[in-house]
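In our numbering, the protein residues as written are 5 to 107.
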């Protein structure tokens with residue numbers, strides 16, 4: 005097996021993950037910028053969510069539950085981004101910072 009073929013097979017999962025995740029992230033960021041442009045004076049907050057699950061489905065469930073909890077308090081979900089590695093090192097599944105605005 006040649007080196008370029010090995011590199012191709014190693015890079016293939018990364019390329020596939022980018023093709024799936026990148027459009028979702030771009031839509032989320034576009035929506036966040038649109039909301040901020042519509043409501044420039046809106047109150048903003050961010051919440052760190054430490055995941056207890058190591059699996060993607062469990063993380064999604066935890067994230068959706070937190071978004072629903074904040075929605076019931078009057079907050080609108082804005083965007084999610086990676087939390088600092090220093091903050092997530094103690095949690096099993098990592099963590100994410102969720103940003104919200106209140107209109």
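Beta carbons are placed, not taken as given, at the ideal position from N, Cα and C, and that holds for glycine.
Outcome for residue i when other beta-carbon atoms lying within 10 angstroms are tallied against a minimum of 16
i, result
"residue 104", "buried"
"residue 59", "exposed"
As assigned by DSSP and simplified to three states, the class of residue i
i, result
"residue 13", "helix"
"residue 105", "strand"
"residue 83", "strand"
"residue 89", "helix"
For residue i, the nearest candidate out of the options (CA to CA)
i, options, result
"residue 75", "21, 51, 92", "51"
"residue 57", "98, 7, 14", "98"
"residue 1", "93, 84, 14", "Because the chain spans 5 through 107 in this model, residue 1 falls outside it and cannot be assessed."
"residue 106", "48, 96, 54", "48"
Residues bridged to residue i [DSSP beta-bridge criterion]
i, result
"residue 50", "103"
Nonlocal neighbours in the same chain, by C-beta distance under 8 Å from residue i, ignoring five residues either side
i, result
"residue 71", "81, 102"
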